[in-house]
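Undergrad:
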Amino acid sequence: MFIEIITYRVVGCSNIKIRKDGSLTVANIIVKNLNVFYGKKQVLKNIDTKINSGRITAIIGQSGCGKSTFLKSINRIVEEENGRINGHIYLDEEDILKEDSQILRRKIGLVFQQPEAFPMSIEKNLSYIMNYHFNYKKLELKERIKTYLQMVGLYGEVKEELSNPAKNLSGGQKQRLAIARCLCLNPEVLLLDEPCSALDLKNTLDIEKMLLELKKKYTIVLVTHNLSQAKRIADDVIFMSEGEIVEEGSSKDIFSQPKSRKMREYIEYMEG
Amino acid sequence: MKRKVLDNLIKSILIFLGLIAVGLTLFVFIYVLYRGRRVISIRFLLDNPSGIPFGTAGGVFPAIIGTLMLGGLSALIGGLLGILNGLYLSLYSKGTKSGRILLHLITILSGLPSIIFGLIAYTLLIYKLGMGKSLLCSAITISAMILPFITIRAKKIFDEKGYTFFIESESLGLSKPYIIRKLIIPNCLGELVGAVSLGMLYGMGAVAPILYTGVVMNAPIPTSVNSPFMSLPYHLYMLANSGYSDEYALGTAFVLLAMLIIIEILCHLFASFREGVGFKRIFR
Ligand SMILES: Nc1ncnc2c1ncn2[C@@H]1O[C@H](COP(=O)(O)OP(=O)(O)O)[C@@H](O)[C@H]1O
Ligand SMILES: [Mg+2]
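Chains as they are written, first to last, in this note's numbering: chain W, 5 to 276; chain V, 185 to 468.
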């Protein structure tokens, strides 16, 4: 059911290319010389990297090193918080800093670090977004709400209370609702800022399973504090420190043979 | 142990102060009711004023309606502008220079004495623009006076109950007007009504801004916004000033007080029902 929906949407998307063998490919994110400022403070310094489609990229690093800001720059929400972005971010060839920000944000969904449940019912949290972007009939809307809630493993828990206020959900449930909200954009890129920080192990593993499934269709970037999570699901890892990328590479290499001292210290520190 | 004694002491002082506030309000209300008891009746509410000197017989009906119309119109103008200002300050100009300048100007405006608003409105609207003394003219003046209050309140409401939702909604590609219409306003409506109504009550009780711009001693119920009008505070002011009839003055005062309190309670009720707590909140 879900795969059908995605395919149907994906084909309608301008950025999706069809390979010779008929399969679909989503865009890579290429970052060139990115500098981000909040007021006079420079939060990101000379970021150069490439984030590959069809893979899960984990961003790790001490808190305050600019991980959230990096995601917010790719979604350009930094601009609404009066931050300044210099440099280039490409979604394949297209410079997203030149694109209309609203169109862009629909393509690049972001789940905030501590997402809010919007002050409305659970189902309206999703229909509020879908009604703006799409023209679904009532029945399809209902069907989709169910699908997205199922994808994040929330449907079973809340199916009796879809019209109750979402503010009564637990922290973990709110986090999953926020992921569902993002999924209902049918984006090309999913940016997730510590999406499992309030979840127990079972829900965490469910979300990870979902991400592994989704990575065929999306470019996924995940900020995490949980190194074992990064080892479990990330294909690539970016390690940041003080606003800079210190080390990046495939998950296997980077965890088995960290090159920089900072990275080694960080791993040691996190693993106790 | 010491902490506990101190805590209890502070608590008792606060309770005492609270009781004084409640007591004072009750005292004023009862005093006014008692002194005006002989004139207060249904007829006093529903009759036109009469007698010589004027106002020492009959009722205050046109003044009640005039005050309500003035309040409504001011709330409409001042409320709308104040809420728009608040939206701009909280959601559109956070941390920008234009936002800071606007906020400074509004803070300055909020410090101006009400008579200044009356004089400026008189010079601008009546003297320069040639408007007649009218309900509209007074409502504009009152709106200007309550605008800073409503703006600052509205900004605070949007900061607290809107900003994070706003940013997160924007990150999902929704447009600002859509977010405001579908999420921000519905979520803040109860408190916004509270803020506007407080501003309105403050405006309805003021005499200085309407003195030169629209209020008159004796007028029928306004038939349009261009008519001059009667108002309770001004009626009261004239009666009390002339000293002919304390009873009629205090009767008028009672009607004014009761009206303000009823409106306040209604707005409060509206706000609590919006938040789904019903009657509980009034007594909190
Ligand atoms: N809206 C903002 N305004 C000003 N400074 C900010 C803002 N958001 C983040 N910062 C600063 O940017 C730095 C990086 O923050 P963040 O990206 O949240 O780090 P991380 O997610 O890695 O913990 C911090 O020093 C923080 O104080
Ligand atoms: Mg963060």
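We put the CB at the ideal spot given by N, CA and C, even for glycine.
It should be emphasised that the depicted structure is a prediction, and the values quoted were computed from it without experimental measurement.
1) Once DSSP output is grouped into helix, strand and coil, what is the label at residue 271 (chain W)?
2) Could you have a look at residue 86 (chain W) and say whether DSSP puts it in helix, strand or coil?
3) Check this for me: beta carbons of residue 233 (chain V) and residue 402 (chain V), under 9 Å apart or not?
4) To test your reading of the DSSP string, which unbroken alpha helix (DSSP H) runs of 4 or more residues are found completely within the region 325-371 of chain V?
5) So residue 244 (chain W) is in the beta strand (DSSP E); what residue range does that whole segment cover?
6) Buried or exposed: which applies to residue 329 (chain V), given that a residue is buried once 16 or more other Cβ atoms fall within 10 Å of its Cβ?
7) Please identify, using Cβ separations under 8 Å, the residues of the region 430-459 of chain V that lie next to chain W, in order along the chain.
8) What residues does ligand 2 have around it, judged by CB closer than 7 Å to any heavy atom, in chain order?
9) Helix or strand or just coil, what does DSSP make of residue 298 (chain V)?
10) Pair every Cβ in the region 292-310 of chain V with every Cβ in the region 101-116 of chain W, then say whether three or more of these pairs are closer than 8 Å.
11) Grab me the residues of residue 231 (chain W)'s own chain with a C-beta within less than 6 Å of its C-beta, minus the 5 sequence neighbours each way, in chain order.
12) Go ahead and pull the three-state DSSP assignment for residue 66 (chain W).
13) Please state the DSSP three-state secondary structure of residue 42 (chain W).
14) Between the C-alpha atoms of residue 256 (chain W) and residue 283 (chain V), what's the straight-line distance to the nearest angstrom?
15) Spatial neighbours of residue 71 (chain W) within its chain, please: CB distance less than 7 Å, with the 5 preceding and 5 following residues excluded, ordered by chain position.
16) Could you give the uninterrupted runs of the alpha helix (DSSP H) lying entirely in the region 197-252 of chain V, keeping only those of 4 residues or more?
17) Which residue's Cα is closest to the Cα of residue 354 (chain V): W:132, W:160, W:147, W:221?
18) Quick check: does the Cβ of residue 267 (chain W) come within less than 8 Å of any heavy atom belonging to ligand 1?
19) At what residues does the alpha helix (DSSP H) containing residue 448 (chain V) begin and finish?
20) Using a Cβ-Cβ distance cut-off of 9 Å, determine whether residue 85 (chain W) contacts chain V.
21) With a 10 Å radius around its C-beta and 16 neighbouring C-beta atoms as the bar for buried, classify residue 57 (chain W) as buried or exposed.
22) Could you tell me if residue 318 (chain V) is buried or exposed, where buried requires 16 or more neighbouring beta carbons within 10 angstroms of its beta carbon?
23) Taking buried to mean at least 16 other C-beta atoms within 10 Å of its own C-beta, is residue 344 (chain W) buried or exposed?
24) Looking at the unbroken alpha helix (DSSP H) that takes in residue 197 (chain W), where does it start and where does it end?
25) With which residues is residue 51 (chain W) paired in a DSSP beta bridge?
26) Is the CB of residue 417 (chain V) under 9 Å away from at least one CB in chain W?
27) Using 9 Å as the limit for Cβ to Cβ distance, is residue 351 (chain V) near chain W?
28) Whether or not the region 182-202 of chain W and the region 141-153 of chain W are in contact is what I'm after, with contact meaning three or more pairs of Cβ atoms, one per stretch, closer than 8 Å; do they touch?
29) Mark residue 192 (chain W) as exposed unless 16 or more other C-beta atoms lie within 10 angstroms of its C-beta, in which case mark it buried.
30) Strictly below 8 Å CB to CB, what residues from chain V border residue 119 (chain W)?
31) Say whether the region 268-287 of chain V touches the region 353-367 of chain V, bearing in mind that this needs 3 or more beta-carbon pairs closer than 8 Å, one atom from each stretch.
32) According to a CB-to-CB cut-off of less than 8 Å, which residues of the region 219-244 of chain W neighbour chain V?
33) Could you check whether the Cβ of residue 155 (chain W) sits closer than 9 Å to any Cβ belonging to chain V?
34) Rounded to the nearest angstrom, what separates residue 469 (chain V) and residue 279 (chain V) at their Cα positions?
35) Quick test of your reading: residue 295 (chain V) and residue 325 (chain V), contact by CB under 8 Å. State the CB separation rounded to the nearest angstrom.
36) With a 10 Å radius around its C-beta and 16 neighbouring C-beta atoms as the bar for buried, classify residue 185 (chain V) as buried or exposed.
TA: In brief:
1) By one-based count along the first sequence, residue 271 (chain W) stands at place 267. Residue 271 (chain W): helix per DSSP, three-state reduction.
2) As a first step, residue 86 (chain W) must be located in the first sequence, where it is residue number 82. In the three-state scheme derived from DSSP, where H, G and I count as helix and E and B as strand, residue 86 (chain W) is classed as coil.
3) Looking up residue 233 (chain V) in the second sequence gives position 49. Looking up residue 402 (chain V) in the second sequence gives position 218. Using a Cβ distance threshold of 9 Å, residue 233 (chain V) and residue 402 (chain V) count as a contacting pair.
4) Counting only unbroken stretches of 4 or more residues, the alpha helix (DSSP H) elements lying wholly within the region 325-371 of chain V are 347-354, 360-363, in sequence order.
5) Reading the first sequence from its first residue, position 240 is the one you call residue 244 (chain W). DSSP places residue 244 (chain W) in the uninterrupted beta strand (DSSP E) bounded by 240-245.
6) As a first step, residue 329 (chain V) is located in the second sequence; it is residue number 145 there, counting from the start. By the 10 Å Cβ count, residue 329 (chain V) comes out buried.
7) Per Cβ criterion, the list is empty.
8) Chain order is used for the residues whose beta-carbon lies nearer than 7 Å to a heavy atom of ligand 2, namely W:67, W:71, W:72, W:117, W:197, W:198, W:227.
9) Here residue 298 (chain V) corresponds to residue number 114 of the second sequence, with the count starting at 1. In the three-state reduction of the DSSP assignment, residue 298 (chain V) falls in the helix class, which pools H, G and I.
10) The region 292-310 of chain V makes no contact with the region 101-116 of chain W, as fewer than three CB pairs between them are under 8 Å.
11) Position 227 of the first sequence holds residue 231 (chain W). Here the set comprises 274.
12) For the purposes of this step, residue 66 (chain W) is taken as the residue at position 62 of the first sequence. Coil, per DSSP.
13) Taking the first sequence and counting its residues from 1, the one referred to as residue 42 (chain W) is at position 38. Three-state result, residue 42 (chain W): strand.
14) As a working mapping, residue 256 (chain W) is identified with position 252 in the first sequence. As a working mapping, residue 283 (chain V) is identified with position 99 in the second sequence. Taking the CA atoms as reference points, residue 256 (chain W) sits about 50 Å from residue 283 (chain V).
15) As a first step, residue 71 (chain W) is located in the first sequence; it is residue number 67 there, counting from the start. Closer than 7 Å at the Cβ level, and outside the excluded window around residue 71 (chain W), lie 63, 65, 227, 244.
16) You should have 226-230.
17) To locate residue 354 (chain V), count along the second sequence from 1; it is residue 170. Closest by alpha carbon: W:132.
18) Numbered from its first residue, the first sequence carries residue 267 (chain W) at position 263. Checking every heavy atom of ligand 1 against the Cβ of residue 267 (chain W), none is found closer than 8 Å.
19) On the second sequence, position 264 is the one that residue 448 (chain V) refers to. Segment 430-458, the alpha helix (DSSP H) holding residue 448 (chain V).
20) Taking the first residue of the first sequence as position 1, residue 85 (chain W) is located at position 81. Chain V, which has a Cβ nearer than 9 Å to the Cβ of residue 85 (chain W), makes this yes.
21) In the first sequence, the residue the question calls residue 57 (chain W) occupies position 53. The residue is buried, with at least 16 neighbouring Cβ atoms inside 10 Å.
22) As a first step, residue 318 (chain V) must be located in the second sequence, where it is residue number 134. Label assigned to residue 318 (chain V): buried.
23) Residue 344 (chain W) cannot be examined here, being either before or after the span of chain W that is shown, 5 to 276.
24) Within the first sequence, residue 197 (chain W) is the residue found at index 193, counting from 1. Per DSSP, residue 197 (chain W) belongs to no alpha helix (DSSP H); it is in the beta strand (DSSP E), 193-197.
25) Here residue 51 (chain W) is taken as the residue at index 47 of the first sequence, counted from 1. Beta-bridge pairing links residue 51 (chain W) to W:38.
26) Here residue 417 (chain V) refers to the residue found at position 233 when the second sequence is read from its first residue. Among the CB atoms of chain W, none fall inside 9 Å of the CB of residue 417 (chain V).
27) In the second sequence, counting from the first residue as 1, residue 351 (chain V) sits at position 167. Yes, contact with chain W.
28) A contact exists between the region 141-153 of chain W and the region 182-202 of chain W.
29) Your numbering for residue 192 (chain W) matches position 188 in the first sequence. Counting Cβ neighbours within 10 Å, residue 192 (chain W) comes out buried, since at least 16 surround it.
30) Counting from 1 along the first sequence, the entry for residue 119 (chain W) is found at position 115. Here the neighbours are 352.
31) Here the region 268-287 of chain V makes contact with the region 353-367 of chain V; the two share three or more CB pairs at distances below 8 Å.
32) Of all residues in the region 219-244 of chain W, none has a C-beta nearer than 8 Å to a C-beta of chain V.
33) On the first sequence, position 151 is the one that residue 155 (chain W) refers to. For residue 155 (chain W), the nearest beta carbon of chain V is not closer than 9 Å to its own beta carbon.
34) As shown, chain V starts at 185 and ends at 468. That puts residue 469 (chain V) outside it, with no answer to give.
35) Here residue 295 (chain V) refers to the residue found at position 111 when the second sequence is read from its first residue. Here residue 325 (chain V) refers to the residue found at position 141 when the second sequence is read from its first residue. Contact doesn't hold; Cβ gap of about 17 Å is too wide.
36) Position 1 of the second sequence, counted from the first residue, corresponds to residue 185 (chain V). Residue 185 (chain V) is exposed by the Cβ-count criterion.
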